[in-house]
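Trainee: Pasting in a structure now, in structure tokens, and then I'll have a few things to ask.
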Amino acid sequence: MRQAVVSGAPGTNLSPEESAVVSLPQEPDLHIFAAIVENKFGVLARIAGLFSRRGFNIFSLAVAPTADPSYSRITIVVDVHNTDVNQIAKQLDKLVNVINISELHPSDSLERELMLARVGAADLEAVTDVISEYGGEVLDHADGEAIVSVSAHPDRLDRCERQLRPFGLHVLQRTGRIALRALDADEPAVGMTA
Amino acid sequence: MELTGAQALMRSLEMSGVEVMFGLPGGAILPVYDPVLDSPIRHVLVRHEQGAGHMAQGYAHVTGKPGVAMVTSGPAATNIVTPLCDAFMDSIPMVVVTGQVAMSAIGSDAFQECDTTGITMAVTKHNYLVTDPADIPRIVAEAFHIATTGRPGPVLIDLPKDVSNATMDWYWPDGVDLPGYRPRHEIDPAAIAEAARLIRTAERPVIYAGGGLLKARAAEALRELAEMCDIHVVTTLMARGVFPDRHRLCLGMPGMHGNYTAVTAMQQADLLINLGARFDDRVTGNPAHFAPAAKVIHVDIDPAEHGKVRVPDVPVAGDAKVAIEALIEALRPGDGSSVTDAMADRSVWKSTVSGWQEQYPLSYDQPSSGHPLKPQYVVEQLRDHTPDDTIVVAGVGQHQMWASQFWQFDHPYTWVNSGGLGTMGFAVPAAIGAKVGRPDRTVWAIDGDGCFQMTAQELISASAENIPVKVGILNNAYLGMVRQWQELFYAERYSEVYLSADHPDYVGWAEAMGCVGIRVESAEEVVPAITKANAVNDRPVVIDFRVDTEEKVYPMVPAGGSNDDIILGPEGDADAALKGSAPS
Ligand SMILES: Cc1ncc(C[n+]2csc(CCOP(=O)(O)OP(=O)(O)O)c2C)c(N)n1
Ligand SMILES: [Mg+2]
């Protein structure tokens with residue numbers, strides 16, 4: 079079960095004395111942040127630490143160096159169910175190693191995620207059919223099992239995953255989403271570019 | 002010029018303008034302690050690393066300059082975590098250098114290795130692990146820049162022993178290049194205009210003055226704004242002294258143990274002008290019931306404070322002094338007429354506020370026979386028998402609240418306390434640091450008996466270094482604040498709060514530490530003891546004031562309660578028990 083520490087968060091009417099670990103039965107409310115950070119030792123720990131001590135929920139996280147290897151680009155998907163989105167951006171922005179941070183709205187962003195899975199493939203043809211429907215490929219097969227790879231919008235990956243389940247989903251690894259602002263999207267606010 | 006990393010560190014501290022540092026050596030920091038001998042920087046040897054951190058804080062509080070502490074690795078680094086957290090909560094500029102095991106040993110659980118940067122990440126504004134001696138000048142310059150700009154805070158530099166021993170070519174950087182650090186915010190003129198409009202139309206405005214005003218050195222600007230607009234000012238625990246208590250517009254301290262008028266004026270305001278405060282829960286009580294009718298202008302240099310607790314109607318991001326000056330400019334009429342002519346009629350509100358002040362002053366009752374001695378009486382006598390600009394340093398507990406309530410603060414930077422973290426043991430070392438920073442001033446610590454026992458050993462450092470601080474212990478034989486909660490909310494079931502007035506023998510202990518020790522048991526003895534203490538200037542003085550064990554701090558808003566439920570005195574205790582939630 080997902081849990082969040084609610085600590086006097088805006089709109090919750092809770093004083094710190096009343097703060098508690100509460101369970102969240104609701105659907106997650108996911109927001110995407112893109113941050114450019116200095117590619118230095120410990121930066122990821124600073125970000126993870128900030129999220130945990132402020133009670134922000136990381137849903138997924140993807141990090142890799144940018145074209146300039148002295149910086150990394152981090153895509154963080156956050157469940158903002160009990161948190162003010164602005165607080166997350168402003169607190170992240172205070173970290174000295176964070177160069178800038180912006181929120182990416184799904185409507186004007188392009189999102190992708192990569193999935194690798196080891197699935198039952200007694201019927202390899204059927205598995206191949208599903209995978210090719212999503213533009214993926216079968217990377218390996220032996221002894222009634224296959225390893226498949228699909229890159230797609232995360233929602234499409236969810237559907238692909240559901241379709242693979244009946245074959246037997248033995249190992250599943252998804253990378254968490256990455257995203258870029260679409261070319262025709264409006265420029266974000268000053269100081270908050272990514 | 003070739004220097005060792007250790008020499009480069011000391012040289013970098015000198016280049017950063019450091020005059021005093023507080024610390025204690027050990028294995029991993031040994032290389033740096035050698036050039037300490039040759040440095041013009043004064044080093045104060047402490048008896049426990051927590052003391053070094055709080056001394057650096059006390060120094061920073063009263064001078065406005067960053068406090069500096071240096072300790073070794075492992076247990077010394079963990080000993081200074083509390084002051085780091087305290088400085089982080091109260092936005093105190095501080096630079097702490099810790100020794101670390103050699104780079105080659107990091108990660109091997111070497112002797113006195115601990116993950117200092119990992120441990121302190123959550124309690125510093127930023128921290129560094131130095132991996133190359135050539136980085137030392139740059140990192141030190143950055144550390145001081147980060148500690149002192151924007152919202153100030155503590156920065157830690159972890160220095161492995163082999164990096165201290167290796168050599169580098171000395172240089173001093175021209176400036177700092179921190180692309181991700183943007184502490185300055187231009188004041189938005191539209192926000193100022195809107196704030197000015199709200200101020201003009203408000204009928205029940207209150208200025209909510211916070212500790213940020215002291216950091217911004219904005220006391221004079223605040224006074225000009227308040228007088229020009231004729232608006233009352235409350236000063237939070239962190240802001241005591243930023244606006245003179247004796248000023249006709251001063252309402253004193255709000256919050257859990259604030260006075261009735263300050264609490265109620267905020268609660269009933271139609272406009273709160275928050276200048277450098279952060280809607281701390283000790284001020285707001287339950288935020289859902291706090292100042293329900295008030296529009297909010299919130300000036301803060303840290304934009305993350307806007308909307309963290311209360312969503313402001315007008316957020317102003319930037320330096321408080323610059324913002325206040327812009328507000329004054331925006332409010333000043335071009336035709337030379339009086340500003341207040343352009344404002345809403347506040348006569349009803351003014352008379353309501355002065356009615357509260359008359360009806361509900363802070364009060365206590367000192368029986369004339371002299372027994373039992375009331376702690377508030379001691380604070381008042383200290384206030385009246387010390388110089389006007391005396392620096393007062395408090396521990397945490399009832400005595401802290403009485404000190405804040407009954408002292409009269411008329412100057413900025415005369416009050417030093419641990420507000421956000423509430424660190425028992427803060428007073429003695431912070432007072433020593435304050436005295437080092439302002440040797441020209443009389444420095445009195447008003448401490449609790451429980452607090453005193455946590456860090457009293459630093460009085461040995463003070464005796465050894467001739468730092469003549471004065472400590473008044475309000476010895477109520479209890480962890481008094483906890484006792485108060487147990488009395489009110491746990492049916493007088495006193496669990497683990499009794500300390501005894503006699504053990505330790507505070508006078509004997511003070512003398513053993515090289516201080517003058519004085520015991521006071523009755524009201525008649527108070528003033529003579531203070532006079533005697535004030536006359537001592539070559540060593541610290543400790544007065545053991547034996548005060549009433551049963552005295553409680555009033556007024557009181559039960560934790561998590563609404564400020565409307567303020568309890569004025571013992572008559573309200575039954576209500577308190579009903580309304581209160583679990584103490585913290
Ligand atoms: C390091 C630390 N431990 C525990 C507490 C909880 N606490 C707050 S006030 C207090 C009692 C303080 O006792 P004393 O110094 O005698 O002051 P008094 O309240 O009696 O004036 C305690 C235990 C704290 N604030 N800090
Ligand atoms: Mg006590």
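In order, the protein sequence lines correspond to chains L and F. Residue numbers for the first sequence follow the working numbering, beginning at 79 and rising by one. Residue numbers for the second sequence follow the working numbering, beginning at 2 and rising by one. Just so you know, even glycine gets a beta-carbon here, dropped at the ideal spot from N, CA and C.
For F/Val-72, which beta-bridge partners are listed by DSSP?
Mentor: Answer is F/Leu-25 and F/Thr-99.
Trainee: For the region 109-133 of chain F, enumerate the residues whose C-beta is nearer than 9 Å to any C-beta of chain L, in chain order.
Mentor: Here the close residues are Thr-118, Gly-119, Met-122, Ala-123, Lys-126, His-127, Asn-128, Leu-130 and Thr-132.
Trainee: Could you give the distance in angstroms between the alpha-carbon of F/Gln-8 and the alpha-carbon of F/Leu-46?
Mentor: Rounded to the nearest angstrom, the two C-alpha atoms are 19 Å apart.
Trainee: Is there at least one Cβ from chain F nearer than 8 Å to L/Gly-120's Cβ?
Mentor: By this cut-off, L/Gly-120 is an interface position.
Trainee: For L/Arg-252 and L/Ala-220, I'd like the C-alpha separation in whole angstroms.
Mentor: C-alpha separation (whole angstroms): 22 Å.
Trainee: Helix, strand or coil, according to DSSP, for L/Leu-261 in the structure here?
Mentor: L/Leu-261 falls in the coil class under three-state DSSP.
Trainee: Taking C-beta pairs closer than 7 Å, name the residues in chain L that F/Ala-305 reaches, listed in chain order.
Mentor: The answer, in chain order, is Gln-165, Lys-168, Gln-169 and Lys-172.
Trainee: Which of helix, strand or coil does DSSP assign to F/Ile-232?
Mentor: Looking at F/Ile-232 - three-state DSSP - the assignment turns out to be coil, as it is neither helix nor strand.
Trainee: Given that L/Ile-256 touches chain F, what residues does it touch there, using C-beta distances under 8 Å?
Mentor: Result: empty, since nearest Cβ-Cβ is about 21 Å, beyond 8 Å.
Trainee: Closer than 9 Å between beta carbons: that is the criterion. Which residues of the region 509-524 of chain F meet it against chain L?
Mentor: Those would be none; no residue qualifies.
Trainee: Name, going along the chain, the residues of the region 146-160 of chain F whose beta-carbon falls closer than 7 Å to a beta-carbon of chain L.
Mentor: Within the region 146-160 of chain F, the residues whose Cβ lies closer than 7 Å to some Cβ of chain L are Ile-147, listed in chain order.
Trainee: Do the region 157-167 of chain L and the region 130-144 of chain L meet, that is, are 3 or more Cβ pairs less than 8 Å apart?
Mentor: Yes, the region 157-167 of chain L is in contact with the region 130-144 of chain L.
Trainee: Any chance you could list the alpha helix (DSSP H) runs of at least 4 consecutive residues sitting entirely within the region 24-67 of chain F, in chain order?
Mentor: Complete alpha helix (DSSP H) runs here, min 4: 31-37 and 50-64.
Trainee: List the residues that DSSP assigns as beta-bridge partners of F/Thr-285.
Mentor: BP columns for F/Thr-285 are empty, so no partner.
Trainee: Since L/Arg-255 contacts L/Arg-190 with CB under 8 Å, what's their CB separation in whole angstroms?
Mentor: Indeed they touch by this definition, with Cβ atoms about 7 Å apart.
Trainee: Using a Cβ-Cβ cutoff of 9 Å, what residues of the region 204-228 of chain F are near chain L? List them in chain order.
Mentor: Within the region 204-228 of chain F, no residue has a Cβ that lies closer than 9 Å to any Cβ of chain L.
Trainee: Nearest by alpha-carbon distance to F/Pro-26: which of F/Phe-291, F/Ala-446, F/Thr-73 and F/Leu-569 is it?
Mentor: Looking at the Cα atoms, F/Thr-73 is the closest of the given residues.
Trainee: Let me check you understand the geometry: is the CB of F/Asn-477 closer than 7 Å to at least one non-hydrogen atom of ligand 1?
Mentor: True, at least one ligand heavy atom lies under 7 Å from that Cβ.
Trainee: Which residues, taken in chain order from the region 193-223 of chain L, show a beta carbon closer than 8 Å to some beta carbon of chain F?
Mentor: Here the close residues number zero.
Trainee: Does the beta-carbon distance from F/Leu-500 to F/Asp-566 come in below 8 Å?
Mentor: Result no, Cβ atoms of F/Leu-500 and F/Asp-566 do not sit closer than 8 Å.
Trainee: Which residues of chain L have a Cβ atom closer than 7 Å to the Cβ of F/Gly-100, listed in chain order?
Mentor: The contacting residues do not exist; F/Gly-100 stays about 19 Å from chain L at best.
Trainee: When you compare only the Cα positions, how much space is there between F/Met-2 and F/Ile-107?
Mentor: Taking the straight line joining both Cα atoms gives about 29 Å.
Trainee: To the nearest angstrom, how far is the alpha carbon of F/Leu-363 from that of F/Asp-246?
Mentor: Going from the Cα of F/Leu-363 to the Cα of F/Asp-246 covers about 13 Å.
Trainee: May I ask you to report which of helix, strand or coil DSSP gives F/Thr-265?
Mentor: Three-state DSSP puts F/Thr-265 in a helix.
Trainee: Distance check for F/Pro-469 and F/Thr-443, CA to CA, integer angstroms please.
Mentor: Approximately 9 Å, taken between the alpha carbons.
Trainee: Closer than 7 Å by beta-carbon distance: list the chain L residues that pair up with F/Lys-296, in chain order.
Mentor: Here the premise fails: no neighbours, minimum Cβ distance about 17 Å.
Trainee: At 7 Å on the CB atoms, spell out the chain L contacts of F/Pro-180, in chain order.
Mentor: The contacting residues are Ile-177.
Trainee: Once the 5 residues before and after F/His-44 are set aside, which same chain residues still bring their CB inside 7 Å of it?
Mentor: Here the set comprises Met-22, Gly-24 and Val-37.
Trainee: Going by C-alpha distance, which of F/Thr-387, F/Val-521 and F/Glu-187 is nearest F/Lys-322?
Mentor: Out of F/Thr-387, F/Val-521 and F/Glu-187, F/Glu-187 has the C-alpha closest to the C-alpha of F/Lys-322.
Trainee: Does chain F have any CB closer than 8 Å to the CB of L/Val-99?
Mentor: With a pLDDT of 43 at L/Val-99, under the threshold of 50, the modelled position of that residue is not reliable, and the figure given next carries that caveat. Not an interface residue.
Trainee: Which value, in whole angstroms, describes the spacing of the CA atoms of F/Met-254 and F/Ala-263?
Mentor: Taking the straight line from one Cα to the other gives about 6 Å.
Trainee: Would you tell me roughly how many angstroms separate the C-alpha atoms of F/Glu-306 and L/Lys-168, rounded to the nearest one?
Mentor: Each residue's Cα considered, the two are about 9 Å apart.
Trainee: Are the C-beta atoms of L/Glu-181 and some chain F residue less than 8 Å apart?
Mentor: No, its Cβ sits nowhere closer than 8 Å to a Cβ of chain F.
Trainee: With a threshold of 7 Å, establish whether the CB of F/Asp-549 neighbours any heavy atom of ligand 2.
Mentor: For ligand 2, not one heavy atom lies less than 7 Å from the Cβ of F/Asp-549.
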